[in-house]
Every structure is written in C-alpha cells, then in structure tokens.
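Working notes for the structure below.
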Ligand SMILES: [Zn+2]
C-alpha cells in the first residue's frame, strides 16, 4: 500500500448562548413542544422585518478576536438561497465573501504531544441563523419543528490548505475550540445536544504529492471520539478505494456511532449555486474601535494560556493541568482554592481524584449556576473544604487514608474536615511511645512472621504495618510505624 497523508478541513457550528433568536424575540432553548417558540419573523411570513440581535453580533466579534482574526469593520448579511423544508424563508441569513465575515485570517493554537503548540489557521468566523429540524413522526411521515429556526449560529472554518493532518489533530482542534468557546461564554458547548456541531472534510494524498485529493464531508459526529474515529475511518476507506483502482467521489457521508463506520448520504455532483446577495432587509454592520476594544477587554484567560500557566507556576503535569482546564468552572474552583491558601499539587490531586470521581458518580457539579449544566445539583464541597483537608494532611494531623474517609463525609454532609476531626477525635497518633507499644504487641503476637522476616522475607513489612494500623484504628502515622517496626525488627 502506498503511503498516504490525510488533510482535514473543519467546519464548526456553534449555537450562541443568547436569550433570544437572531432576528426576533423568540426564546432560545433546547427541547420542548415543536413550534412553540416561533413568530411571524422566524417562520418568514411576508411583511415582517428582522432586527439583528446585538448580543449575538458581539459574541461572534469576541470569538473572532480570541481566534486572532482580522475584524471586518464593515460587513453585511447575505441571503443564502436554497429550498428545503427546514428553511421557512427559502433562504438562510449568512455572511458571504472572503473579507466580509465578522472575523477572517485567524488561528487557533493546539498543544502537541511533544509539549509544544501548533497553529491551525482559521479562514473565517461568521454569523448566520440556524435552520429548523425535520423529524420522523411516530405514526409515519415527517414533520418540521421551527423552534430552532433563527437561533443565532456561528460558523468557524479552517483555512485551506489544511493544517490538520491526522485524526489526533482533528480531535485536539475540536477539544481546544470547544473549550475556548465555553470559556468565552458564547455557547454551552453541548455536543450531544447539537450546540456545537463539527463537519470535517477529509481527503488523502500520496506522501510527497502537492495535489490534494477529493474531499468527503462527514456528518453526525457528536463527540470528540467520534471525530477522531470518523477521520481515521474515512482516511482508511479512501486509501482502500484508491488501492483497489477506484476514485474517491465527492460526497457527504454520515457517521454511524454503533458500527463506527461512515455511510453514503448524498453525492455532490457539483457545488450548489446559492445565489448569495446582500439581504436588503438588514442594514450593514459597523464596528467602532471603542466597541472592538470594549469586547476585547471581556476576553478571559483562555484555556491554553491557563494550561501553560498551571504547568509553569504549579509544576503540574500536562495531564493534571489539562483536566483542571478542560472545564472553566472546574478551573475557577481550583483557583479559588489557591486564593484561600491551598497548596496547588494537593488541591489538584483531590480535585482530579476523589472529588471528580464522586461528582461523576452522583451526577453533581462543582460550581453553582454553571452555564453548561444548569440542571445539575451543586456539590456541598467548596474550595475551603479542600484547603482545610489538605492542611490537615500536610501538618500530619491526619494520614492519607483517614483523609479519604473524611472527604467522603465532607462530600455527603458539607461539614468542614477539621470539624469532623474534632468531633470524632480522629487525630493521627504521632505519639512515639504509643506507636512503640502497639508495634511491640503486634510483633509479640506474630512470632512466626517475625522469624520469617528476619530470615529474609522483607515483604512482610506490609503485613506488620497493616496489623499496627488495625490496632490503632487506622490512626497511626504510617511513616512512624514503618520506622518503629524496622527499629524493633532489627533490634534483638
Ligand atoms: Zn421568532
């Protein structure tokens, strides 16, 4: 088989987190009864006039700035004309042209496995409106729900020739982009609900060739994993087509999650002519320098910058820092704990360890009012709990095993760890006299093991430690127990 390289262009659509739709005052929400959030404007009745949503325009501007784009000081909305039942007006309001989108010629940096970064060039960031949804009716036939029609939609398209050259790149690009959008507060980022939708176009060419192959577009990818698997599958499928003497056809393919394979949806004979023209109902947009600077000033520290800062300032591993940064609420929780005097590594270990696991198991969230999961119950564990717990461990008031038990109680009750220690008298035994006598008792009642240990079976040290911990109800300082055991075992 020849050596092929894959190239991936990405089109990402994000539904914007506005209160109302793009050109009318209908509410933006997920689910609900079909056609209950519609009005004459968004179902395109004649005689209505659209009024652009200022918040949506500024969200796209903010995203374009965060993606290092050139901003189109003046830009217009176009009508993209085509006929399909999910489009009530017969056209979709969008933005056409190379330098007309709100943002163009930008880039997003993604981390590489070697610890560096790679720039993925962005061709355009523009604003448009979403379409309705066709649905199959239970009794047969199809219906259309226009609740989604007119919801503000942002499209972000990568540059050609593509910088994305592997399934891993494709996944990482989407991970970073989604995370950035959530940090900016412009989308809730829910891929499973279609708030962020990704349509990669994939082609392969022989290594060394400058001629790009025919692209296929992939749809229905609703997780990061699906994007990675989908790109890998398409690259392999295209290679097999070429190897068997065939040609890759330009087509749109769907992703089947269950079989982890793609299937033909439709063949593209030629590019459809959308007859774009400036929408006569909408006045051109203009951004002043002041407006751009005001929006720029609302951009928070972005995920990649945060990741690099956590690595550098707190000596956290890529993996640990990545977990903390992946969710903005989670990162804020971490930073709040540090502001309260928490030690970074210890706080990180609790968060990425027991805390994350228990949140997951209980379906709770770490922060109140999280935009991405408003339905979740907020955990009783606050940053100050972790700070307190980490201090109890670092000043040796309790040992690691006790800390885990205490944390479980904090999670259930919201009590402060130091209060639990006081109430239950859980202080770690560090009195060397008490430990020495517990060790002596254990050795006296386990004569044969002592003999075996002295005969060279040193792995038995674990057994002795276990016995002493049992005798002290788990409260002895394990290091002191170890030291005392070694001392007494080598003694006589
Ligand atoms: Zn409406």
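In our numbering, the protein residues as written are 79 to 570. Glycine included, every Cβ here is placed at the ideal spot set by N, Cα and C.
As computed with DSSP, residue 508 is found in no beta bridge at all.
For residue 498, the enclosing alpha helix (DSSP H) covers residues 495–502.
Those residues that bring their Cβ nearer than 6 Å to a heavy atom of ligand 1 are 99, 102, 104, 116, 117, 119, 120 and 228. DSSP, reduced to helix, strand and coil, places residue 425 within a helical segment of the structure shown. The residue from 467, 121 and 382 with its alpha-carbon nearest to that of residue 415 is 467. A direct Cα-Cα distance of roughly 18 Å separates residue 437 from residue 400.
Counting other Cβ atoms within 10 Å of its Cβ, residue 383 stays below 16 and is therefore classed as exposed. 146 is the residue among 153, 174 and 146 whose C-alpha sits nearest the C-alpha of residue 200. If you look at residue 569, you'll find it isn't in any beta strand (DSSP E); it sits in the alpha helix (DSSP H) that goes 556–569.
For the options 218, 219, 253 and 221, the alpha carbon positioned closest to that of residue 187 is the one of 253. Within its own chain, the residues whose Cβ lies closer than 6 Å to the Cβ of residue 489, once the five positions on either side in sequence are excluded, are 436 and 459, listed in chain order.
By the Cβ-count criterion, residue 519 is exposed, with fewer than 16 other Cβ atoms from all chains shown falling within 10 Å of its own Cβ.
The segment 221–229 makes no contact with the segment 253–268; the number of CB pairs closer than 8 Å stays below 3. Leaving aside the five residues that flank residue 495 on each side, the residues in its chain whose CB is nearer than 7 Å to its CB run, in chain order, 463, 466, 467, 470, 484 and 488.
Using a 10 angstroms sphere on the CB of residue 509, the tally of other CB atoms stays under 16, which defines it as exposed.
Check the Cα spacing between residue 172 and each of 302, 430, 375 and 91: the tightest is with 91. Around the beta carbon of residue 232, a 10 Å sphere encloses 16 or more other beta carbons of the protein chains shown; the residue is thus reported as buried. CA-CA distance, residue 141 to residue 537, rounds to 59 Å. When Cβ pairs closer than 8 Å are counted between the two stretches, the segment 149–165 is seen not to touch the segment 385–405, the count staying below three. Unbroken beta strand (DSSP E) runs of no fewer than 3 residues, entirely contained in the segment 303–335, are found at 329–334, following chain order. Of 319, 312 and 327, the smallest CA-CA separation from residue 339 is found for 312.
Bridge pairing for residue 288: absent [DSSP].
A direct Cα-to-Cα measurement between residue 363 and residue 152 gives close to 6 Å. In this chain, residue 474 is not harboured by any beta strand (DSSP E), its DSSP state being neither H nor E. Around the beta-carbon of residue 317, 16 or more other beta-carbon atoms lie within 10 Å, marking it buried.
According to the DSSP assignment, residue 435 belongs to the alpha helix (DSSP H) that extends over 434–440. Under the three-state reduction of DSSP output, residue 402 falls in the helix class. Inter-residue distance for residue 177 and residue 208 is about 22 Å (C-alpha atoms, whole angstroms).
Taking one beta carbon from each stretch, the segment 266–273 and the segment 290–305 have 3 or more pairs nearer than 8 Å; the two touch.
CA-to-CA, the gap between residue 222 and residue 156 works out to about 24 Å.
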